[in-house]
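Q: For the sequence shown, this note's numbering gives the first residue as 9, with consecutive numbering after it.
Yeah, the Cβ is synthetic: ideal placement off N, Cα and C, and Gly gets one too.
Pasting a structure here, questions to come.
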Amino acid sequence: MRHRRCFWVISVIAIITTLFGLFTWTPHSTFSHRFLFARLSPFVSICLESFCSESVDIDVLRNAEILDFTFRASRSKLKFVLLDPDCISCASRTKSAYCLLATLKQSYLFGVIGAEHIDNLTEIVKYFHNSAWKVKSGEEQLTFQHNTTRVHVVRIDRRDKYWFIPSLEEVDFKAHAFRNFKIDHIHFANWSLYIPGSEVMKQWSDAEFLECNRSSAKIIQQMYIGKYEQVLKNTVINGMALFRDVLQGIGIRSMLFGGTLLGWYRDCGIIPYTTDMDMASFASEYSTKLLGTLTSNKDLELYWQLGKPADSLELSVFYDGMKIDLFFLYEEGSTHWAGGMIVYERRKLRWTYPKITKLCSAELLGELFNVPCNVLDILMADYGETWYDIYPNENFTWYASHKNVKKLGRWSKKEWPFVYHMYMKQKKLI
């Protein structure tokens, strides 16, 4: 309660200073909050000590400067979107601009929509002309500084099928990517603060963007160019994107996995000799709606179900004649494991991996997918320390050559009808 009263005192002061700027501001004004703070300082100190029962440095009010920044930026033709994780978490929950004050930060991060090049951002500099804000242009950003308050501005770029926000070391912000980037308004007086919309916030925890290994991809292309004709058409990515969206629609997250994960990271594409694509989901997110959703889908043909939801579940679908496998990951102690089956033997297989605690985002052939953030740990579990040099040879088999695969027992004849189900007539596999 004490901290709430303290917050409202600060908010009232911020309102007064912001309104002072509102009615006296022009793009060339020399208005400064610090002048008003100096006049209010004794009153503020008394109020804060009275309401909060503690001594508070007057510099706690410096965050009113961030309100001045958002006010001035709102006068430009560009949309400034708050990207600071601490602030947007508060703002998306409360729909209040005063989250900018509540976080009591010195550095803030905004993204701007509608600027094709960083030079376009200089259009807003005129709104800070003759103000206390100092503007510094960088290769990928603009930095605004007023006393101890620093505001970084980066582009939010629209790529082919997703939105991309670059990393910024100064505020320890990693690159992020989103399939959609709808924004919400927070209105105050006659200006607006933009924040990521609710759908963006749902994606936020899995949106950190990882690049494929372009160095290894270049080496691979030089070593093996012309030696392998690509088996799968690039249009298989459309089927994977559709499968991803179908799963997401029933609350199941998916990620690139197995040989597809290797192809994305090592080759920056699809492994030319692969005959199917691999995805994975967490067994804890399994939905009873899954089978019904897939059987009713006109573009994805459900091929078979191996295992069962509680043990070693694997599903396969076909898209335009190309096979996509979906494995389910089961948590066990500090690991995850995926099951499989040698069908003609009724043999159970298990691949064990380091636990996947966080998903990131990645681009494959223009589409945005999730990948394990600990991608190298997963690849080394599958292929060993020389994961980057795994190209086909006559001795490699999917059920025995991986470093982390083990043969277990067999499904019993009694269990068989529940762990093996064909949904299509005999299909010729590529």
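Along the beta strand (DSSP E) that carries glutamate 309, what are the first and last residues, could you check?
A: 309 to 316
Q: Should tyrosine 135 be labelled buried (16 or more other beta-carbon atoms within 10 Å of its own) or exposed?
A: buried
Q: What's the call for aspartate 275, buried or exposed, on a 16-neighbour Cβ count within 10 Å?
A: Label assigned to aspartate 275: buried.
Q: Give every residue of the same chain whose Cβ lies closer than 8 angstroms to the Cβ of isoleucine 438, excluding the five residues on either side of it in the sequence, and list them in chain order.
A: Annotation note: pLDDT 47 at isoleucine 438 (below 50); position unreliable, coordinate value reported separately. For isoleucine 438, where only same-chain residues beyond five positions count, the Cβ hits under 8 angstroms are Val239, Leu240, Thr283, Asp284, Gly329, Met330, Lys331.
Q: Among the residues of its own chain, which have a CB less than 6 angstroms from the CB of lysine 363, if the five just before and after it don't count?
A: Ser342, Thr343, His344
Q: Assign proline 204 to buried or exposed, taking buried as 16 or more other Cβ atoms, counted over all protein chains shown, within 10 Å of its Cβ.
A: buried
Q: Using the Cα positions of methionine 287 and alanine 249, report the straight-line distance between them to the nearest angstrom.
A: 11 angstroms
Q: Mark histidine 154 as exposed unless 16 or more other C-beta atoms lie within 10 angstroms of its C-beta, in which case mark it buried.
A: buried
Q: Quick one: is isoleucine 233 buried, meaning 16 or more other Cβ sit within 10 Å of its Cβ, or exposed?
A: Isoleucine 233 comes out exposed.
Q: Could you have a look at threonine 157 and say whether DSSP puts it in helix, strand or coil?
A: strand
Q: Starting from tyrosine 116, trace the beta strand (DSSP E) in both directions and tell me its first and last residue.
A: 115 to 121
Q: Let me confirm a value: serine 320 is counted as buried when at least 16 other C-beta atoms fall within 10 Å, else exposed. Which label applies?
A: buried
Q: Can we say the segment 206 to 220 touches the segment 166 to 186, given the rule of at least three CB pairs closer than 8 angstroms?
A: yes
Q: What residue range is occupied by the uninterrupted alpha helix (DSSP H) comprising threonine 360?
A: No alpha helix (DSSP H) holds threonine 360; the beta strand (DSSP E) holding it covers 355 to 362.
Q: Only counting the same chain, and skipping five residues up and downstream in sequence, which positions put a Cβ closer than 6 angstroms to that of valine 159?
A: Phe77, Tyr116, Phe152
Q: In whole angstroms, what separates the C-alpha of arginine 83 from that of serine 145?
A: 20 angstroms
Q: Suppose the cutoff is 6 angstroms on Cβ atoms and the five residues either side in sequence are ignored; what does the same chain contact list for leucine 264 look like?
A: Trp272, Phe377, Val379
Q: Counting Cβ pairs, one atom from each stretch, are 3 or more of them under 8 angstroms apart for the segment 297 to 311 and the segment 217 to 231?
A: no
Q: State the CB to CB distance for the pair isoleucine 194 and glycine 119, rounded to an integer number of angstroms; the pair is presumed to be in contact (CB under 8 angstroms).
A: The pair is not a contact, with the Cβ atoms about 15 angstroms apart (cut-off 8 angstroms).
Q: Name, in chain order, the residues that DSSP records as bridge partners for asparagine 378.
A: When DSSP reads this structure, asparagine 378 sits in a beta bridge with Ser369.
Q: Among Val133, Ala346, Ile74, Gly300, which has the Cα closest to the Cα of leucine 201?
A: Ile74
Q: Return the chain-ordered ranges of every beta strand (DSSP E) run that is complete within the segment 136 to 224 and spans a minimum of 3 residues.
A: 142 to 145, 149 to 154, 157 to 163, 171 to 173, 184 to 186, 191 to 196, 199 to 204
Q: Let me make sure I understand the geometry here. Which of Lys235, Trp199, Lys210 has the alpha-carbon closest to that of arginine 261?
A: Lys210
Q: Would you please state the rounded distance, in angstroms, between the beta carbons of arginine 358 and lysine 414? I believe it to be under 8 angstroms.
A: 5 angstroms
Q: Decide if threonine 102 is buried, meaning its Cβ has at least 16 other Cβ atoms within 10 Å, or exposed.
A: exposed
Q: Give the straight-line distance between the Cα atoms of leucine 176 and alanine 99, rounded to the nearest whole angstrom.
A: Roughly 21 angstroms separates the two Cα atoms.
Q: Just the Cα atoms here: how many angstroms apart are alanine 72 and glutamine 114?
A: 11 angstroms
Q: Could you tell me if serine 289 is buried or exposed, where buried requires 16 or more neighbouring beta carbons within 10 angstroms of its beta carbon?
A: buried
Q: For valine 244, count neighbouring Cβ atoms within 10 angstroms of its own Cβ and tell me buried if that reaches 16, exposed if not.
A: buried
Q: Here's a check: name, in chain order, each residue in its chain whose Cβ is nearer than 8 angstroms to the Cβ of aspartate 333, leaving out the five neighbours to either side.
A: Gly266, Asp284, Met285, Asp286, Met287, Glu322, Leu323, Ser324
Q: Counting C-beta neighbours from all protein chains within 10 Å, is the total for leucine 150 16 or more, i.e. buried, or is it exposed?
A: buried
Q: Looking only at C-alpha atoms, which of Leu367, Ile191, Val161, Tyr281 sits nearest to phenylalanine 404?
A: Tyr281
Q: Tell me the DSSP bridge mates of leucine 323?
A: Gln313, Leu334
Q: Does any CB atom of chain B fall closer than 8 angstroms to the CB of alanine 99?
A: The question asks about chain B, but that chain is absent: this structure has only one protein chain.
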